[in-house]
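Numbering (the UniProt record's numbering), first residue to last: 1 to 147.
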C-alpha cells in the first residue's frame with residue numbers, strides 16, 4: 001500500500017465519526033436501548049484508526065510520517081475527552097485533558113510546518129482541538145472550581 005493511501009484511509013475513518021455520531025444521537029433520542037451500538041462502533045472506529053496510524057508511522061518514511069503522528073495525537077486527545085465524558089467524569093481529568101491538548105497542538109503545529117501535502121489535516125485538528133478545549137473550559141466553569 002502506498003504512503004498516501006494509509007493517510008487517506010485514516011482520514012476517511014476519522015471523517016466517519018461524524019455520521020456515526022449522528023446515528024448515536026438518533027439512538028440516544030429515539031431508542032436509548034440501542035445507544036450501546038454507537039459506543040461500540042465508535043470504539044471500534046477509533047481502535048482501527050489508531051492501529052492504522054501506528055502502522056503508517058512505522059511504514060512511512062519522510063515528512064508524511066508527521067501526518068500520521070498528528071492523526072495519532074488527535075486520537076489520543078479524543079480518547080481523553082471521551083473518557084472524561086464517559087466513565088471517568090472526575091475533576092482531575094480536566095488537567096489531563098489540558099496537558100494532552102497542549103502536546104497535541106504542539107504536534108499539529110510541527111506537522112503543519114514539516115509537510116507539504118495534507119496541510120489541511122493539522123489545521124482541522126487544531127480547530128477541533130480548540131472547540132474541544134472551549135467545551136472543557138465551559139464544563140470546568142460549570143463545576144464552579146475555576147480554571
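Even glycine gets a Cβ: it sits at the ideal position worked out from N, Cα and C.
Distance, residue j Cα to residue i Cα
i           : j           : result
residue 128 : residue 73  : 12 Å
residue 5   : residue 18  : 21 Å
residue 15  : residue 137 : 25 Å
residue 75  : residue 58  : 17 Å
residue 77  : residue 83  : 10 Å
residue 13  : residue 66  : 18 Å
residue 117 : residue 64  : 8 Å
residue 56  : residue 115 : 15 Å
residue 28  : residue 48  : 24 Å
residue 68  : residue 124 : 14 Å
residue 7   : residue 44  : 18 Å
residue 50  : residue 60  : 15 Å
residue 40  : residue 3   : 29 Å
Alpha helix (DSSP H) segment containing residue i, residue limits
i          : result
residue 20 : 17-30
Within 8 Å, strictly: CB atoms of residue i and residue j
i          : j           : result
residue 11 : residue 142 : no
residue 46 : residue 79  : yes
residue 85 : residue 97  : no
residue 70 : residue 111 : yes
residue 52 : residue 9   : yes
residue 62 : residue 42  : no
Ordered list of alpha helix (DSSP H) runs contained in the stretch 58-146, each at least 4 residues: 65-85, 92-114 and 120-142
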